[in-house]
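Asks: Sharing a structure with you now.
In my numbering, the protein residues as written are 18 to 163.
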């Protein structure tokens, strides 16, 4: 999964467009919490640096008053102009296409995240689980293995 930064055009009308991750400290950000983990440690590498040079990552530890545990709520907050959101590109494709969100710092890349699904293999695969795994395989790229 590919992480990207997005913000609404309305937010960017009131705040200067960041050109380097270091400038994020001057912005309002929207954070996501999953279980007990707060996803506030953002790592960036400049895509424009020469490929033969060692790329030194830039790490931003985000602080925010906007924290959600539901991705659609975070996306809505970004669309309403509450700040910059770091999310997976697959979740905001439509918003990027309709212009309600804009891709920021597109010359910086964040580490690609692999996702896994664990389930008990000793029992027969239920029809519901099989449909869910097929969805993940087709929509997100998770590969089912036996």
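Just so you know, even glycine gets a beta-carbon here, dropped at the ideal spot from N, CA and C.
Compare the Cα-Cα distances from residue 43 to each of 51, 49, 33 and report the closest residue.
Replies: When only C-alpha atoms are compared, the closest one is 33.
Asks: Which same chain residues end up closer than 6 Å to residue 86 when comparing Cβ atoms and leaving out the 5 residues on each side of it in sequence?
Replies: Correct list, in chain order: 50.
Asks: Could you please give the first and the last residue of the uninterrupted alpha helix (DSSP H) stretch that includes residue 45?
Replies: Taken as a continuous stretch (DSSP letters only), residue 45 belongs to no alpha helix (DSSP H), as it is neither H nor E.
Asks: Taking the C-alpha atoms as reference points, what is the distance between residue 47 and residue 148?
Replies: Whole-angstrom Cα-Cα distance: 32 Å.
Asks: With a threshold of 7 Å on Cβ separation, who are the neighbours of residue 19 within its own chain once the five nearest residues in sequence on each side are excluded?
Replies: Same-chain partners within the cutoff: 105, 106, 129.
Asks: Going along the chain, which residues of its own chain have a beta-carbon closer than 7 Å to the beta-carbon of residue 186, five neighbours each way excluded?
Replies: No information on residue 186 is available, as it lies outside the stretch 18 to 163 that the chain covers here.
Asks: Identify, in the order they occur along the chain, each residue of the same chain with its Cβ nearer than 7 Å to the Cβ of residue 124, setting aside the five sequence neighbours on each side.
Replies: If we look at residue 124 and ignore the five residues flanking it on each side, its Cβ neighbours are 63, 64, 65.
Asks: Measuring only the C-alpha atoms, how far is residue 39 from residue 142?
Replies: About 47 Å.
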